[in-house]
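For the record, the sequence lines run as chains Z and H. Count along the first sequence starting at 1, add 42, and that's the number in my numbering. Count along the second sequence starting at 1, add 7, and that's the number in my numbering. Note that CB positions come from ideal geometry on N, CA and C, so glycine has one too. Read through the structure below, which is laid out as structure tokens, and then see the notes.
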Amino acid sequence: MDIEKKLINVKYITDKTSHLILNQEICKVCEDKVCLNICPANVYKQCVSNENETEGTKNNDTIEVEYENCLECGACKIACPYGAIEWRYPSSGSGVIYKFS
Amino acid sequence: MEEIRKNIDAIVVGAGPAGISAALAIRRGGKSVVVLERASNAGTKNMFGGAVYLNSIKSILPNSFQNAPYERFMAHHTYSFLNEKGSVNIKSSDYEDKTTATVMRPKFDAWLLEEAKKEGVFIAPKTLVKKLIFKNGAVVGVKTELEKYYAPIVILADGVNSLLAKEIGLKREYFPKDVVLSVKETLKLDKNILEERFHLQKGSNEGAMYEFFGGLSGFCKGDTKKKRTVVPFAIGFLYTFKDTISIGLGVSLEDLCEYKTKPYEILEKLKSHPDVKNLIEGAVESEYSAHLIPEGGYNNLPKLYANGVMVVGDAAGLINSAHFEGTNFAIESGKLAGETAVIALNLGNYRHNILKIYEDKLKKSFIFKDMKAYRNVVETIYKRKKSMLKYYPEKMGEFFELINHVDNIPKKQKFRGFIRKFFTERSIVELFRDFKAALKLFIDIIC
Ligand SMILES: Cc1cc2nc3c(=O)[nH]c(=O)nc-3n(C[C@H](O)[C@H](O)[C@H](O)COP(=O)(O)OP(=O)(O)OC[C@H]3O[C@@H](n4cnc5c(N)ncnc54)[C@H](O)[C@@H]3O)c2cc1C
Ligand code: SF4
Ligand code: SF4
Numbered sequence: 043m044d045i046e047k048k049l050i051n052v053k054y055i056t057d058k059t060s061h062l063i064l065n066q067e068i069c070k071v072c073e074d075k076v077c078l079n080i081c082p083a084n085v086y087k088q089c090v091s092n093e094n095e096t097e098g099t100k101n102n103d104t105i106e107v108e109y110e111n112c113l114e115c116g117a118c119k120i121a122c123p124y125g126a127i128e129w130r131y132p133s134s135g136s137g138v139i140y141k142f143s
Numbered sequence: 008m009e010e011i012r013k014n015i016d017a018i019v020v021g022a023g024p025a026g027i028s029a030a031l032a033i034r035r036g037g038k039s040v041v042v043l044e045r046a047s048n049a050g051t052k053n054m055f056g057g058a059v060y061l062n063s064i065k066s067i068l069p070n071s072f073q074n075a076p077y078e079r080f081m082a083h084h085t086y087s088f089l090n091e092k093g094s095v096n097i098k099s100s101d102y103e104d105k106t107t108a109t110v111m112r113p114k115f116d117a118w119l120l121e122e123a124k125k126e127g128v129f130i131a132p133k134t135l136v137k138k139l140i141f142k143n144g145a146v147v148g149v150k151t152e153l154e155k156y157y158a159p160i161v162i163l164a165d166g167v168n169s170l171l172a173k174e175i176g177l178k179r180e181y182f183p184k185d186v187v188l189s190v191k192e193t194l195k196l197d198k199n200i201l202e203e204r205f206h207l208q209k210g211s212n213e214g215a216m217y218e219f220f221g222g223l224s225g226f227c228k229g230d231t232k233k234k235r236t237v238v239p240f241a242i243g244f245l246y247t248f249k250d251t252i253s254i255g256l257g258v259s260l261e262d263l264c265e266y267k268t269k270p271y272e273i274l275e276k277l278k279s280h281p282d283v284k285n286l287i288e289g290a291v292e293s294e295y296s297a298h299l300i301p302e303g304g305y306n307n308l309p310k311l312y313a314n315g316v317m318v319v320g321d322a323a324g325l326i327n328s329a330h331f332e333g334t335n336f337a338i339e340s341g342k343l344a345g346e347t348a349v350i351a352l353n354l355g356n357y358r359h360n361i362l363k364i365y366e367d368k369l370k371k372s373f374i375f376k377d378m379k380a381y382r383n384v385v386e387t388i389y390k391r392k393k394s395m396l397k398y399y400p401e402k403m404g405e406f407f408e409l410i411n412h413v414d415n416i417p418k419k420q421k422f423r424g425f426i427r428k429f430f431t432e433r434s435i436v437e438l439f440r441d442f443k444a445a446l447k448l449f450i451d452i453i454c
């Protein structure tokens, strides 16, 4: 599904730093990684690490956060079962700007 | 250096309908009030279906409610039950009822805010409230990125995520089952084509809205091994605006997590249904948006007040999503909290035992009455979603197919076959549970 095509139409003022901070140590051991699926803006992407492919621990992957696409809905912080997302609003005036919502 | 502002009677966080309504009530009680909003322009962070209710707006702006930036008045309301092949629709039309109208939040919220300004409400846009300030166990102000504001009363109208109400323990963090995630697209369509397609009188401000049930099952990325058909708890909607259409859906966050499905994939599935496809044919995507709806309902209300603070609107989970009613709950709860703030300010007592008046007022209002009556609706539909969002919509389709599809099979045989299938495809126990659930809801709402 071409989410990029949808996101092209969304207007943002990108914040200087990310308003979404992940505790990657938790993400590495998280099995289901629901954040990859539920986010309506596909903000979370898996970055596969090719080092330390220890047997038995298939989840050694960290998560990349494309925070500039965030629609500020808040779903991820609720969906993450381990509270690994420190979720804040982008700083005043930045983030998503809807026109026809 | 932080500037310290003083001498305000009340602070409202959030310039949505709840916040503006609260601020108006406080101003009208002769008190000063400032509304702090994180967006540069009110409404540009907000998304809804959606339509507002004129009676609700009239209740706070009796002289100017007609001037709001309404797009179209909902003359047609269609309940559309989708199946794989088509749909069964129940449509009600009322050309005289001008009490429900679509608006776009960036325009509507900005209009509300201007109305409030006219009455002397101070507005601080582009102001994100980061924390509440406490003194002697009471909220006495807020901290923004740059400044501190002090006032004896703080009203939290900061929407569904209300980080502030959670921070001070009035509200717990949601579980995925407590919220519905909605995604929506705004599509541009030539005005003449739009009016023709939705059977609206040419050049009029008539409008149409749809609710879609069913037709969205079949997603299950999570366990392809089991090959089960899953039925996500998802309900679609479509609204017409002057020259745009909004098409979207709300889907249970719990189901999204469990079925490993992306919300926009379900939206695409809705958009690709033959009926929906016809409605949006040729319309050009012009915006995509997402927002949560609090579904906890009456059984999961947060604490609505504490020393120096009250919570209103979506922040307090005040909504009746079964009827797409949220802005009216926001406006009414804001008004009641604002009135309570005035009482507290006049008494010079901002403790919880005085602010409890807000809750007492809510209890007497339509908000608590409706929320109580509807307290089990969402959960029941969720529990019975396989029936309500798949089995019955499909059976409705099959029933009309039976009537409309002419062949050389005797009708008696066809009707009997339908009835037999109805009772064999779904166990009697399940049918009984559906009946019981429906009866219970009926009793809840009516009695
Ligand atoms: C898909 C969808 C469809 C809907 N359809 C309808 C409908 O058809 N009819 C209807 O009546 N209702 C509908 N609703 C519900 C309705 O939109 C909400 O109930 C209503 O907007 C709640 O108003 P509010 O003022 O409480 O919150 P909001 O409108 O969410 O306003 C909160 C405001 O607070 C600001 N804010 C948040 N945190 C901070 C902070 N820390 N500092 C400063 N500012 C802050 C936000 O930017 C925002 O402007 C729908 C909702 C959704 C998601
Ligand atoms: S954010 Fe949460 S859900 Fe996503 S990978 Fe990390 S721990 Fe798992
Ligand atoms: S807040 Fe919503 S849009 Fe932003 S990252 Fe989380 S789920 Fe995605």
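My output table needs one value for residue i: the three-state DSSP class, helix, strand or coil.
i, result
"Ala-164 (chain H)", "coil"
"Lys-124 (chain H)", "helix"
"Leu-286 (chain H)", "helix"
"His-298 (chain H)", "strand"
"Thr-51 (chain H)", "coil"
"Met-81 (chain H)", "strand"
"Ala-83 (chain Z)", "coil"
"Met-111 (chain H)", "coil"
"Gln-73 (chain H)", "helix"
"Glu-405 (chain H)", "helix"
"Gln-88 (chain Z)", "strand"
"Ile-326 (chain H)", "coil"
"Lys-392 (chain H)", "helix"
"Ile-453 (chain H)", "helix"
"Ala-17 (chain H)", "strand"
"Thr-193 (chain H)", "strand"
"Asn-96 (chain H)", "strand"
"Leu-448 (chain H)", "helix"
Taking buried to mean at least 16 other C-beta atoms within 10 Å of its own C-beta, is residue i buried or exposed?
i, result
"Val-199 (chain H)", "Per the sequence presented here, residue 199 (chain H) reads as Asn, with Val not at that position. It counts as exposed."
"Arg-34 (chain H)", "buried"
"Val-161 (chain H)", "buried"
"Pro-24 (chain H)", "buried"
"Met-8 (chain H)", "Unreliable positioning characterises Met-8 (chain H) in this predicted model, as indicated by a pLDDT of 43, which lies under 50. The coordinate reading is nonetheless provided below. Met-8 (chain H) should be labelled exposed."
"Phe-205 (chain H)", "buried"
"Gly-222 (chain H)", "buried"
"Leu-446 (chain H)", "exposed"
"Arg-382 (chain H)", "buried"
"Ile-27 (chain H)", "buried"
"Asp-321 (chain H)", "buried"
"Val-436 (chain H)", "exposed"
"Asp-101 (chain H)", "exposed"
So is residue i in contact with chain H if we call contact Cβ pairs under 8 Å?
i, result
"Leu-113 (chain Z)", "yes"
"Ala-126 (chain Z)", "no"
"Ser-60 (chain Z)", "no"
"Tyr-131 (chain Z)", "yes"
"Val-138 (chain Z)", "yes"
"Ile-45 (chain Z)", "yes"
Whole angstroms are fine: how far does the CA of residue j sit from the CA of residue i?
i, j, result
"Glu-46 (chain Z)", "Ala-126 (chain Z)", "26 Å"
"Leu-354 (chain H)", "Leu-308 (chain H)", "28 Å"
"Thr-99 (chain Z)", "Cys-72 (chain Z)", "Unreliable positioning characterises Thr-99 (chain Z) in this predicted model, as indicated by a pLDDT of 48, which lies under 50. A coordinate reading is not provided."
"Phe-240 (chain H)", "Leu-260 (chain H)", "9 Å"
"Leu-31 (chain H)", "Val-128 (chain H)", "7 Å"
"Ile-139 (chain Z)", "Gln-88 (chain Z)", "27 Å"
"Asp-197 (chain H)", "Val-238 (chain H)", "35 Å"
"Val-187 (chain H)", "Val-258 (chain H)", "5 Å"
"Ile-68 (chain Z)", "Phe-182 (chain H)", "19 Å"
"Glu-275 (chain H)", "Thr-268 (chain H)", "12 Å"
"Leu-62 (chain Z)", "Ile-450 (chain H)", "45 Å"
"Ala-131 (chain H)", "Val-42 (chain H)", "6 Å"
For a cutoff of 8 Å on Cβ pairs, would you count residue i as touching chain Z?
i, result
"Met-111 (chain H)", "yes"
"Ile-18 (chain H)", "no"
"Glu-294 (chain H)", "yes"
"Tyr-389 (chain H)", "no"
"Lys-133 (chain H)", "yes"
"Glu-152 (chain H)", "yes"
"His-298 (chain H)", "yes"
"Pro-301 (chain H)", "no"
Comparing the CB of residue i with every heavy atom of ligand 5, is any distance shorter than 7 Å?
i, result
"Cys-122 (chain Z)", "Looking for ligand 5 in the displayed structure turns up nothing; the ligands present are ligand 1, ligand 2 and ligand 3."
Three-pair Cβ contact test at 8 Å for the stretch 361-379 of chain H versus the stretch 308-318 of chain H: Three or more beta-carbon pairs separated by less than 8 Å link the stretch 361-379 of chain H to the stretch 308-318 of chain H, which places the two stretches in contact.
Stretch-stretch touch, CB-based, cutoff 8 Å, three pairs: the stretch 69-85 of chain H with the stretch 339-357 of chain H: No, the stretch 69-85 of chain H does not touch the stretch 339-357 of chain H.
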